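Working notes, structure below.
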Amino acid sequence: MIFDAHMHADTRPIENFMEMNMAGVEAILTCAYDPLRMKKSNVTLEHFDRIVYDEPKRIEKHNIKVYAAVGVHPRAIPDDYENVIEKLPKYMNEEHVIAVGEIGLDEITPKQEEVFIKQLQYADENNYNVIIHTPRKNKAKVTQRTITLLDENINPQNVQLDHVDNSIIDMLIDKDYTLGITVQPLKMSPTETVEMLDKYGFDKFVLDTDISYAPSNHMALAEVKHKLIQDGYKKSDIKKVMSNNVMKFHNL
Numbered sequence: 271m272i273f274d275a276h277m278h279a280d281t282r283p284i285e286n287f288m289e290m291n292m293a294g295v296e297a298i299l300t301c302a303y304d305p306l307r308m309k310k311s312n313v314t315l316e317h318f319d320r321i322v323y324d325e326p327k328r329i330e331k332h333n334i335k336v337y338a339a340v341g342v343h344p345r346a347i348p349d350d351y352e353n354v355i356e357k358l359p360k361y362m363n364e365e366h367v368i369a370v371g372e373i374g375l376d377e378i379t380p381k382q383e384e385v386f387i388k389q390l391q392y393a394d395e396n397n398y399n400v401i402i403h404t405p406r407k408n409k410a411k412v413t414q415r416t417i418t419l420l421d422e423n424i425n426p427q428n429v430q431l432d433h434v435d436n437s438i439i440d441m442l443i444d445k446d447y448t449l450g451i452t453v454q455p456l457k458m459s460p461t462e463t464v465e466m467l468d469k470y471g472f473d474k475f476v477l478d479t480d481i482s483y484a485p486s487n488h489m490a491l492a493e494v495k496h497k498l499i500q501d502g503y504k505k506s507d508i509k510k511v512m513s514n515n516v517m518k519f520h521n522l
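To convert, take the position in the sequence shown, counting from 1, and add 270; that gives our numbering.
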């Protein structure tokens, strides 16, 4: 079984999910992000409606269980974002909505920090998991600030910090976070992913494709699994990063 721990399913054709299921994907977590200019809260909430209510109907016909995460992405903060945060309980009460996300910092700005902190506090008060974005640009600096805000505002055991690569792994490996490796053309390759797992172990990591409107590979996790098998890694370790760790993190 493969569980894709972070993606944006609403951008992808149904053929992708048919192929993913044939390659062993049985569950996904689709997260809120920035598919449009989210200038007003009604646009954000319509986006939530799609990923929470419409995507499961579309994708589960092809034998993939769909979970969702909702939150205000740092690149998609509406002017009236407070209205979105007020509406989060409506979505979090749905059984298949299992985290607040994707949230975080894309840049270090007062507005992004304000929105991030409010969502962390909401999640912490309700014991919800969070899916945390880290950016491509100024990654180490922004991630360090992200860590500070996480440590001040939420239980680290409820954190999946995503898009981990070699530039930030050393500042994260000793934290109590679950660490997400994104296997994507502009992020980590299958070979780099296997090398990171070999160096740091299999216990702290989950894997995801982060497929979206950006360059993506919907078969990336199947490719990583194939490489791990070919390279002779233990079946128990492969299961950890392919499904067991993410299911344990979300208590599924």
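Ideal Cβ positions, reconstructed from N, Cα and C, are used throughout, including at glycine. Bear in mind the structure is a predicted one, so any value in this text is a computation, not a measurement.
**Message:** Here's a check: name, in chain order, each residue in its chain whose Cβ is nearer than 8 Å to the Cβ of N425, leaving out the five neighbours to either side.
**Reply:** Sequence index remark: in the sequence shown, residue 425 carries index 155 (1-based). Only D394 and N397 meet the Cβ criterion.
**Message:** Please report the distance separating the alpha-carbon of E376 from that of T418.
**Reply:** Here the question's residue 376 lines up with position 106 in the sequence shown. Here the question's residue 418 lines up with position 148 in the sequence shown. Looking at the sequence shown, residue 376 is not Glu but Asp. Cα to Cα, D376 sits roughly 15 Å from T418.
**Prompt:** Taking buried to mean at least 16 other C-beta atoms within 10 Å of its own C-beta, is E352 buried or exposed?
**Reply:** For the purposes of this step, residue 352 is identified with residue 82 of the sequence shown, where counting begins at 1. Classification for E352: exposed.
**Asked** Which term fits H366, buried or exposed, when burial requires 16 or more other beta carbons within 10 angstroms of its beta carbon?
**Response** By one-based count along the sequence shown, residue 366 stands at place 96. Label assigned to H366: exposed.
**Asked** Okay, do the segment 319 to 332 and the segment 292 to 304 touch, 3+ Cβ pairs below 8 Å being the bar?
**Response** yes
**Segment contact, 8 Å Cβ cut-off, at least three pairs: the segment 330 to 346 with the segment 354 to 363** = The segment 330 to 346 makes contact with the segment 354 to 363, as at least three CB pairs between them are under 8 Å.
**Prompt:** Can we say the segment 457 to 467 touches the segment 488 to 500, given the rule of at least three CB pairs closer than 8 Å?
**Reply:** yes
**Request:** Please name the residue in H276, L477 and D501 whose C-alpha comes closest to that of I373.
**Result:** Numbered from its first residue, the sequence shown carries residue 373 at position 103. Cα-wise, what sits closest to I373 is H276.
**Cβ-based burial, A410 [other Cβ within 10 Å; buried from 16]** = Numbered from 1 along the sequence shown, position 140 holds the residue referred to as residue 410. A410 is exposed by the Cβ-count criterion.
**Request:** Determine, using beta carbons only, whether L477 and I451 come nearer to each other than 8 Å.
**Result:** For the purposes of this step, residue 477 is identified with residue 207 of the sequence shown, where counting begins at 1. For the purposes of this step, residue 451 is identified with residue 181 of the sequence shown, where counting begins at 1. Yes, these two residues count as a Cβ contact at 8 Å.
**Item:** Distance between K474 and D246 (C-alpha atoms, nearest Å)
**Value:** What the structure shows of the chain is the stretch from 271 to 522, and residue 246 is not part of that stretch, so it cannot be assessed.
**Item:** Q454 - DSSP class collapsed to helix/strand/coil
**Value:** As a first step, residue 454 is located in the sequence shown; it is residue number 184 there, counting from the start. Note: Q454 maps to coil in three-state DSSP.
**Request:** Over the uninterrupted beta strand (DSSP E) stretch that includes N399, give me the two end residues.
**Result:** Working through the sequence shown from its first residue, we reach residue 399 at position 129. Run containing N399: N399 to H403, per the beta strand (DSSP E) assignment.
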